[in-house]
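Residue numbers (the numbering used here): 1016 to 1271.
Just so you know, even glycine gets a beta-carbon here, dropped at the ideal spot from N, CA and C.
Owing to the predicted nature of the structure, the values given are computational and were not obtained by experimental measurement.
To start, the structure under review is shown below, and the notes come after it.
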DNA sequence: ATGGCACCCGGAGGGTGA
């Protein structure tokens, strides 16, 4: 089973790139973030005719998450268990096969001095609590993929000196990823690759002129019980070179 | 040193992203 996660930065603007990538890669499961579309306008036909079942939770203009699968999707949960009705659509969870999978879009935090930064930290804590609760509620091992908007260590930022203490690399954010790992979820990519400069996001501004100035902020964290079944993981940087690209690329994992 | 692009909505240009 191959599972991927991709922040597409608008599913409508990215429909060409998304379907091109799906046709080439045909993952069993794809977790999407930043669909930026209300549910009534979600382009379900373009995906369902490729054999994918789809569940999604969207809102106008911002955020929005989805799960595509070539297998039946059951027990869908939107958001956290204690969300307010008007909460941002940043999380969707479902059971596929013998896995409990979540697609997560972590708030970016705007700036470390902005109130949104504290909300980002709180959201990351709530995500960990949610995943632990899901682990207790369901018999299936839990997997979460998404745009975490946090680079975990020095290998994951193009300039550790420039990013030190800044948004996306602040110690308080990195500590939230440490807490997720301490709770028993491992960074699947790092199980197979220790190299620096393997990024999942590059800024639109000056992309071609800048060289490989990116961040690794997209992850697939797997319950530790999946360690032996997890056979490979990677980042597919190619779609960043396509026309009209997302600023993020797909990250993926295979599980026996 | 700074900002640089892309997307949203709405029908101009400001908000947001990372």
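- Rounded to the nearest angstrom, the gap between the Cα atoms of residue 1136 and residue 1203 is 22 Å.
- Looking from the CA of residue 1059, the closest CA among 1077, 1043, 1247, 1033 belongs to 1033.
- Of 1263, 1267, 1120, 1229, the smallest CA-CA separation from residue 1245 is found for 1267.
- For residue 1250, the uninterrupted beta strand (DSSP E) run begins and ends at 1245-1250, by DSSP.
- Note that the segment 1110-1119 touches the segment 1039-1051; at least 3 beta-carbon pairs, one per stretch, sit closer than 8 Å.
- Nearest neighbour of residue 1169 by Cα position, chosen from 1263, 1120, 1050, 1230, turns out to be 1230.
- According to the DSSP secondary-structure assignment, residue 1106 is paired through a beta bridge with 1119.
- Remark: C-beta atoms of residue 1057 and residue 1031 do not approach each other more closely than 8 Å.
- Distances from the alpha-carbon of residue 1035 to those of 1190, 1215, 1255, 1269 put 1255 closest.
- Its Cα nearest to that of residue 1080, the residue 1102 stands out among 1141, 1102, 1177.
- The three-state secondary structure of residue 1092, taken from DSSP, is strand.
- Taking 8 Å as the cut-off, the Cβ atoms of residue 1178 and residue 1242 do not count as close.
- Leaving aside the five residues that flank residue 1247 on each side, the residues in its chain whose CB is nearer than 8 Å to its CB run, in chain order, 1207, 1268, 1269.
- Excluding its 5 nearest sequence neighbours in each direction, residue 1027 has C-beta neighbours in its own chain below 8 Å: 1051, 1052, 1056, 1058, listed in chain order.
- Counting only runs of 4+ residues, the alpha helix (DSSP H) found wholly inside the segment 1027-1078 occupies 1030-1040, 1059-1063, in chain order.
- A distance below 8 Å between beta-carbons, with the five flanking residues on each side excluded, links residue 1121 to the following residues of its chain, in chain order: 1105, 1135, 1138, 1139, 1142, 1161, 1162, 1163, 1164, 1165.
- If you compare the alpha carbons of 1259, 1238, 1213 with that of residue 1250, the shortest gap goes to 1213.
- Contact between residue 1167 and residue 1146 does not hold, since their C-beta atoms are separated by about 17 Å, which reaches or exceeds 8 Å.
- With distances taken between CA atoms, residue 1022 lies nearest to 1047 out of 1047, 1171, 1195.
- The Cβ atoms of residue 1091 and residue 1107 sit closer than 8 Å to each other.
- The criterion of a C-beta distance shorter than 8 Å is not satisfied by residue 1085 and residue 1127.
- The criterion of a C-beta distance shorter than 8 Å is satisfied by residue 1020 and residue 1118.
- Sequence-distant Cβ neighbours of residue 1211 in its own chain, meaning closer than 6 Å and more than five residues away, are 1170.
- Bridge partners of residue 1232 according to DSSP: none are assigned.
- Take the alpha-carbon of residue 1188 and the one of residue 1123: they are about 10 Å apart.
- Judged by DSSP in its simplified three-state form, residue 1213 adopts coil rather than helix or strand.
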